[in-house]
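Student: Quick one: the structure is below, questions incoming.
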Amino acid sequence: MKKIDKKHSIAFVLIVTILLVCFYYMFQILTGKERNFWDFFVINLLPFVGIALMDFLIINIIYKYLKIRNIYLHVALDLFISSLFSVFVIFLVNLSLLGISAFKNSPDIIKSGIFILLWNSIVVLLIEIFFYNQQQVDAENKIAIMEKEKIQYQYDTLKAQINPHFLFNSLNVLSSLAYEDAEKANLFAKKMSGVYRYLLLTNERPLVTLQEELAFLDSYIFLEQIRFGNNLRVEVVNKAVLNRKVIPVSLQLLVENAVKHNITTAGSPLTIHIEITEDRITVSNNLQLRTTADRGGVGLKNLQKQYALYNKTIEVIKTDTEFIVKLTFLD
3 MKKIDKKHSI
13 AFVLIVTILL
23 VCFYYMFQIL
33 TGKERNFWDF
43 FVINLLPFVG
53 IALMDFLIIN
63 IIYKYLKIRN
73 IYLHVALDLF
83 ISSLFSVFVI
93 FLVNLSLLGI
103 SAFKNSPDII
113 KSGIFILLWN
123 SIVVLLIEIF
133 FYNQQQVDAE
143 NKIAIMEKEK
153 IQYQYDTLKA
163 QINPHFLFNS
173 LNVLSSLAYE
183 DAEKANLFAK
193 KMSGVYRYLL
203 LTNERPLVTL
213 QEELAFLDSY
223 IFLEQIRFGN
233 NLRVEVVNKA
243 VLNRKVIPVS
253 LQLLVENAVK
263 HNITTAGSPL
273 TIHIEITEDR
283 ITVSNNLQLR
293 TTADRGGVGL
303 KNLQKQYALY
313 NKTIEVIKTD
323 TEFIVKLTFL
333 D
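Read left to right, the sequence shown gives residues 3 to 333 (this note's numbering).
Given below as structure tokens:
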């Protein structure tokens, strides 16, 4: 149920008070009778507040369970249900106070009903405005949280790739290649600069095309295969949907996790298979865990949080021989 803070509570009381004053004069016009203001105010305050609170409860239930997108249909349904409730309450109150015979012969019942329906309509519209404003505030807060989570993910991703361990390994390989194969060393340096360029250029982009991500992944795989040689095998199947959108560095993160957590030797080569279909990407690898591997899976958890911001989930399947992650496209 929606919570009403102190500010809204005070506003609610003030509005009810002002409306009661206005309705006091309207009531005199409708009935043609003069009544003491304070008598009118005291007698009607509790029922009017009760009706307003019940209107709030009814509207809150409708918002929570019916999920009607059309605002006009939503307001019409709120008015209809709350008006039925209000008329029913007034009917019972008058019946209990006047008795059946007096109730039938009272000419003011219809006028009172019109009066209550008018009151109820105004209250419902005010509550609808309150709910609409709350939804706007909630939406803005959600967007702010999403932006914060995305920025944190991008920062963590960039930090992970620029960490001294990765940089040291890359520079160490480059240093060795400079003496062994100058041409390959030059290509390695270009691929390495391409990796960091991509990280910096996409650091503020929430989504990239699959084509961009695969180009970056190709550079990253090149760096890793220089380190591991034929001990690391990466296969990418079907690149037909290159315009679909993914989170930056998502595929690289899954490849890096596979390398980080599994043995990669000549006797136990690591094979990573990336299959792309119309609606998803499936990344799988043979499972041969290192004994000292970090089982935390922080990178994958961060990626799952990013997908949750888009109301999507990542499917993770682990068997005795294989680890599989399935990503859906986000466009």
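Every residue, glycine too, gets a C-beta built ideally from N, C-alpha and C.
Here's the rule I'm using: 16 or more other beta-carbon atoms within 10 Å means buried, otherwise exposed. How should G269 be labelled?
Tutor: Counted from its first residue, the sequence shown places residue 269 at position 267. When all chains shown are included, G269 counts as exposed.
Student: Pick from E324, D57 and K150: whose alpha carbon is nearest that of E206?
Tutor: Along the sequence shown, one-based indexing puts residue 206 at 204. Comparing Cα positions, the closest option is K150.
Student: Nearest by alpha-carbon distance to L16: which of I31, L47, M28 and D41 is it?
Tutor: Taking the first residue of the sequence shown as position 1, residue 16 is located at position 14. Considering only alpha carbons, the answer is L47.
Student: Consult DSSP for F224 and reduce its assignment to one of helix, strand or coil.
Tutor: Residue mapping note: residue 224 aligns to position 222 of the sequence shown, counting from 1. Correct three-state label for F224: helix.
Student: State buried or exposed for N287, treating a residue as buried only when at least 16 other CB atoms are found within 10 Å of its CB.
Tutor: Counted from its first residue, the sequence shown places residue 287 at position 285. Classification of N287: buried, given that the 10 Å Cβ count is 16 or more.
Student: Given a threshold of 16 other Cβ atoms within 10 Å of its Cβ, counted over all protein chains shown, does Y67 qualify as buried or as exposed?
Tutor: As a first step, residue 67 is located in the sequence shown; it is residue number 65 there, counting from the start. Flag for Y67 reads exposed.
Student: DSSP has R282 in a bridge; who is on the other side?
Tutor: Sequence index remark: in the sequence shown, residue 282 carries index 280 (1-based). Answer is T330.
Student: By the three-class DSSP mapping on this structure, what secondary structure does N38 have?
Tutor: Within the sequence shown, residue 38 is the residue found at index 36, counting from 1. Coil at N38, not helix or strand.
Student: Quick one: Cα of K247 to Cα of T294, how far?
Tutor: Numbered from 1 along the sequence shown, position 245 holds the residue referred to as residue 247. Numbered from 1 along the sequence shown, position 292 holds the residue referred to as residue 294. Computed Cα separation, rounded: 35 Å.
Student: By how many angstroms is the C-alpha of K314 removed from the C-alpha of N304?
Tutor: Residue mapping note: residue 304 aligns to position 302 of the sequence shown, counting from 1. Residue mapping note: residue 314 aligns to position 312 of the sequence shown, counting from 1. Answer to the nearest angstrom: the Cα atoms are 13 Å apart.
Student: Excluding the 5 residues flanking T284 on each side, which residues of the same chain have their C-beta closer than 7 Å to its C-beta?
Tutor: The residue labelled residue 284 in the question sits at position 282 within the sequence shown. Once the five neighbours on either side are set aside, the close Cβ partners of T284 are E277, I326 and K328.
Student: Can you grab the Cα-Cα spacing for the pair M56 / T323, in whole Å?
Tutor: Walking along the sequence shown from the start, residue 56 turns up at place 54. Walking along the sequence shown from the start, residue 323 turns up at place 321. So the two alpha carbons sit approximately 59 Å from each other.
Student: Between the stretch 169-176 and the stretch 209-216, can you find at least three pairs of beta-carbon atoms closer than 8 Å?
Tutor: In short, these stretches do not touch, since the Cβ pair count stays below three.
Student: Let's see if you can read the secondary structure: which residues bound the alpha helix (DSSP H) around R199?
Tutor: As a first step, residue 199 is located in the sequence shown; it is residue number 197 there, counting from the start. Note, R199: alpha helix (DSSP H), A184 to L203.
Student: Can you have a look at Q137 and say buried or exposed, based on whether 16 or more other CB atoms are within 10 angstroms of its CB?
Tutor: Here residue 137 refers to the residue found at position 135 of the sequence shown. Exposed is the call here.
Student: Could you name the residues of the same chain whose beta carbon sits closer than 8 Å to that of Q290, not counting the 5 residues immediately before and after it, in chain order?
Tutor: Residue numbering aside, residue 290 sits at position 288 when the sequence shown is read from its first letter. Excluding residues within five positions, the ones whose Cβ falls inside 8 Å are N264, I265, S270 and L272.
Student: With a threshold of 8 Å, are at least 3 pairs of Cβ atoms found where one atom belongs to the stretch 220-238 and the other to the stretch 177-196?
Tutor: With a cut-off of 8 Å, the stretch 177-196 and the stretch 220-238 count as touching, because enough Cβ pairs lie within range.
Student: Unbroken alpha helix (DSSP H) runs of length 4 or more, entirely within the stretch 217-279: which are they?
Tutor: With a minimum length of 4 residues, the continuous alpha helix (DSSP H) runs that stay inside the stretch 217-279 are 252-263.
Student: I'd like the list of long-range same chain contacts for Y200, defined as Cβ closer than 7 Å, with 5 residues on each side in sequence excluded.
Tutor: Reading the sequence shown from its first residue, position 198 is the one you call residue 200. Here the set comprises F218.
Student: How big is the Cα-Cα spacing for R229 and V175?
Tutor: As a working note, residue 229 is residue 227 in the sequence shown. As a working note, residue 175 is residue 173 in the sequence shown. Their Cα atoms are separated by approximately 7 Å.
Student: Report the three-state DSSP secondary structure of T294 (helix, strand or coil).
Tutor: Locating residue 294 in the sequence shown gives position 292, counting from the first residue. Three-state result, T294: coil.
Student: Which residue's Cα is closest to the Cα of I83: F117, A260 and V126?
Tutor: For the purposes of this step, residue 83 is identified with residue 81 of the sequence shown, where counting begins at 1. Cα-wise, what sits closest to I83 is V126.
Student: With DSSP as the reference, label K320 as helix, strand or coil.
Tutor: Numbered from 1 along the sequence shown, position 318 holds the residue referred to as residue 320. Note: K320 maps to strand in three-state DSSP.
Student: Once the 5 residues before and after N122 are set aside, which same chain residues still bring their CB inside 7 Å of it?
Tutor: Position 120 of the sequence shown, counting from 1, holds the residue named residue 122. For N122, where only same-chain residues beyond five positions count, the Cβ hits under 7 Å are I53, D57, S84, S85 and S88.
Student: With distances taken Cα to Cα, identify the nearest neighbour of K241 among E214, E185, K262 and I124.
Tutor: Taking the sequence shown and counting its residues from 1, the one referred to as residue 241 is at position 239. Of the listed residues, the one whose Cα sits closest to K241 is E214.
Student: Please classify N171: does DSSP put it in a helix, a strand, or coil?
Tutor: One-based indexing of the sequence shown puts residue 171 at position 169. N171 falls in the helix class under three-state DSSP.
Student: Please classify G231 as buried or exposed, where buried requires at least 16 neighbouring CB atoms within 10 angstroms.
Tutor: Counting from one through the sequence shown, the residue named residue 231 turns up at place 229. So G231 counts as exposed.
Student: Could you tell me whether the Cβ of F82 comes closer than 8 Å to any Cβ of chain D?
Tutor: Annotation note: the requested chain D is absent from the structure, which comprises a single protein chain.
Student: Quick one: measure Cβ to Cβ for F133 and Y65, integer angstroms, because I've assumed they're closer than 8 Å.
Tutor: In the sequence shown, residue 133 corresponds to position 131, counting from 1. In the sequence shown, residue 65 corresponds to position 63, counting from 1. With a Cβ gap of about 6 Å, F133 and Y65 count as contacting.
Student: Quick one: residues in its chain with C-beta nearer than 7 Å to the C-beta of V18, no 5 flanking neighbours on either side, listed in chain order?
Tutor: As a position in the sequence shown, residue 18 is number 16, starting the count at 1. These residues qualify, in order along the chain: F50, V51 and A54.
Student: Excluding the 5 residues flanking L179 on each side, which residues of the same chain have their C-beta closer than 8 Å to its C-beta?
Tutor: As a working mapping, residue 179 is identified with position 177 in the sequence shown. Within the same chain, L179 has close Cβ partners K186, A187, F190 and I228.
Student: Tell me whether T315 sits in a helix, a strand or coil according to DSSP, three-state version.
Tutor: As a working mapping, residue 315 is identified with position 313 in the sequence shown. Looking at T315 - three-state DSSP - the assignment turns out to be coil, as it is neither helix nor strand.
Student: From the DSSP output, which residues share a beta bridge with T211?
Tutor: As a working note, residue 211 is residue 209 in the sequence shown. T211 is bridged to K247.
Student: Determine, using beta carbons only, whether V261 and L234 come nearer to each other than 8 Å.
Tutor: The residue given as residue 261 occupies position 259 in the sequence shown. The residue given as residue 234 occupies position 232 in the sequence shown. Taking 8 Å as the Cβ cut-off, V261 and L234 qualify as a contacting pair.
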